[in-house]
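All remarks here apply to the structure that follows.
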Amino acid sequence: MPVKGDAPVLPGARAVARHVRISPTKARRVVNLVRGLPAKEALTVLQFAPQAASEQVYKVLASAIANAENNERLDPDALLVSEAYVDEGPTMNRFRPRAQGRAYRIRKRTCHITIAVEAVAVATPAKKAAPAKKAAAKKATSAEQATPATATEESAETQSKTEGAE
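Numbered according to the working numbering, the sequence shown spans residues 3 to 168.
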């Protein structure tokens with residue numbers, strides 16, 4: 003049976019914001035937007051997201067990136083949002099007076115936002131050297147492109163000769 007220590011541990015960092023005064027369901031909508039994205043792209047998505055929870059999630063993600071950069075010495079451009087989840091925090095119960103001496107309960111929900119980032123290799127597109135066959139094929143196609151013009155001239159000459167013979 004695999005143990006937690008068996009898996010290779012990728013370098014990364016995490017940040018947690020506890021007791022955030024936003025409903026967990028509203029915060030989850032925002033967190034689902036950034037899960038699995040590169041960290042810089044996730045910050046941009048959060049910056050322009052219209053939801054109110056995006057500001058708090060932005061702060062947690064920025065903190066996780068700063069933790070990775072300062073504590074783990076990781077490149078912020080090579081970070082990926084590996085984990086992002088929202089847990090339910092304590093609910094504050096408040097009461098609202100209603101008609102005929104009744105009171106309705108108001109639930110002020112809180113949540114705990116956790117975001118973990120990990121380092122991944124930045125994929126750079128490398129140019130491959132063209133083999134000699136491909137270079138020769140390119141030369142041949144360029145020569146063929148030059149010949150159709152001469153071929154049409156030759157066919158025009160032969161047509162004019164045959165017309166004169168009739």
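All C-beta atoms in this analysis are idealised placements derived from N, C-alpha and C, irrespective of residue type, glycine included. Owing to the predicted nature of the structure, the values given are computational and were not obtained by experimental measurement.
Exercise. Could you name the residues of the same chain whose beta carbon sits closer than 6 Å to that of L12, not counting the 5 residues immediately before and after it, in chain order?
Key: Residue numbering aside, residue 12 sits at position 10 when the sequence shown is read from its first letter. Within the same chain, E120 come within 6 Å of L12 by CB-CB distance, once the 5 residues on both sides are set aside.
Exercise. Would you kindly check if the distance between the Cβ of E85 and the Cβ of P26 is under 7 Å?
Key: By one-based count along the sequence shown, residue 26 stands at place 24. By one-based count along the sequence shown, residue 85 stands at place 83. No, Cβ-Cβ distance for P26 and E85 is not below 7 Å.
Quiz item: In three-state terms, what does DSSP make of E74?
Solution: Start at 1 with the first residue of the sequence shown, and residue 74 comes out as number 72. E74: coil per DSSP, three-state reduction.
Exercise. Can you give me the start and stop residues for the alpha helix (DSSP H) that P26 sits inside?
Key: The sequence position of residue 26 within the sequence shown is 24, counting from 1. It spans 26-36 - the alpha helix (DSSP H) in which P26 sits, taken as one unbroken run.
Quiz item: Between A29 and the rest of its own chain, which residues show a CB-CB distance below 8 Å, the 5 nearest in sequence each way excluded?
Solution: Locating residue 29 in the sequence shown gives position 27, where the first residue counts as 1. Cβ neighbours of A29 beyond the five flanking positions: V22, A55, Q58, V59, V88, C113, I115.
Practice problem: Taking 8 Å as the threshold, find out whether the segment 59-69 comes into contact with the segment 36-47 through three or more Cβ pairs. | Solution: yes
Self-check item: 7 Å Cβ shell around Q49 - same chain, five flanking residues per side excluded
Solution: The count along the sequence shown starts at 1 and reaches residue 49 at position 47. Cβ within range, chain order: Y60.
Practice problem: For A19, count neighbouring Cβ atoms within 10 angstroms of its own Cβ and tell me buried if that reaches 16, exposed if not. | Solution: Sequence index remark: in the sequence shown, residue 19 carries index 17 (1-based). Answer is buried; the Cβ neighbour count reaches 16.
Exercise. Please classify A68: is it buried, with 16 or more other beta-carbons within 10 angstroms of its beta-carbon, or exposed?
Key: Along the sequence shown, read from residue 1 onward, the residue named residue 68 stands at position 66. The residue in question, A68, is exposed, as its Cβ has fewer than 16 Cβ neighbours within 10 Å.
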